[in-house]
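According to mature numbering (1 follows the signal peptide of the UniProt record, and there is no 0), the sequence shown holds residues -22 to -1, 1 to 160 in order. All C-beta atoms in this analysis are idealised placements derived from N, C-alpha and C, irrespective of residue type, glycine included. Accompanying notes for the structure given below.
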Amino acid sequence: MANKMVAFVAALVCLSTIAALAQAKSAAGSAVLTDLRDTDTQIARDELATRIDRHYYPVRPLERRIEDYPERLESVWEAQQDRLEQVQEAQRERSQHLRESHQERAATERELRKERAEQEHEQRKHFEEQQREQRKNWQEQDREKRKFIKETEREDRWAGQRHPGEKHRERRDSPSGVRPQF
């Protein structure tokens, strides 16, 4: 019986310590909450509610916290969902921005390639035209050289082998040994 009595007293002491801790915690919590409130009336109401709770319902603040837990969970869940939506929206905007910048970059690269191709085409055309003109000039020079060589060869041949009519002409021009031919 004495053991039961000691156990009962120990249980009461434990419960009273738990209640005292709960009251101290709720008092500290309400003190912090009262510091955060904006108006004096709300502070007064909170203090009155805390006093009533301490006097009549010493464990009530803990119960209140347990009752508020689902609501707080919902608010935390909603806050997380809002944050997730914001992050997803930011990611969508960033991916859209990246897609647009990639498309712009691709368009500018296409334009640059097109311009480069046009420039290369123009350069190739100009180069081919220059080569054609150069070949034409070379052909003309070759023709003139061949023509000149033919003329010089002809003159050289004629100088060594004169035409029979030229011999007579020379005889006519010379004073002696002129024989008229009919």
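- By the neighbour-count criterion, in which 16 or more other beta carbons inside 10 Å mark a residue as buried, S4 falls on the buried side.
- Each residue's CA atom was taken as its position, placing F105 and E129 some 35 Å apart.
- Around the beta carbon of T28, 16 or more other beta carbons lie within 10 angstroms, which makes this residue buried.
- E87 and R70 have their alpha carbons spaced roughly 25 Å apart.
- In the three-state reduction of the DSSP assignment, M(-18) falls in the helix class.
- Straight-line spacing of the CA atoms in L62 and E52 works out to 15 Å.
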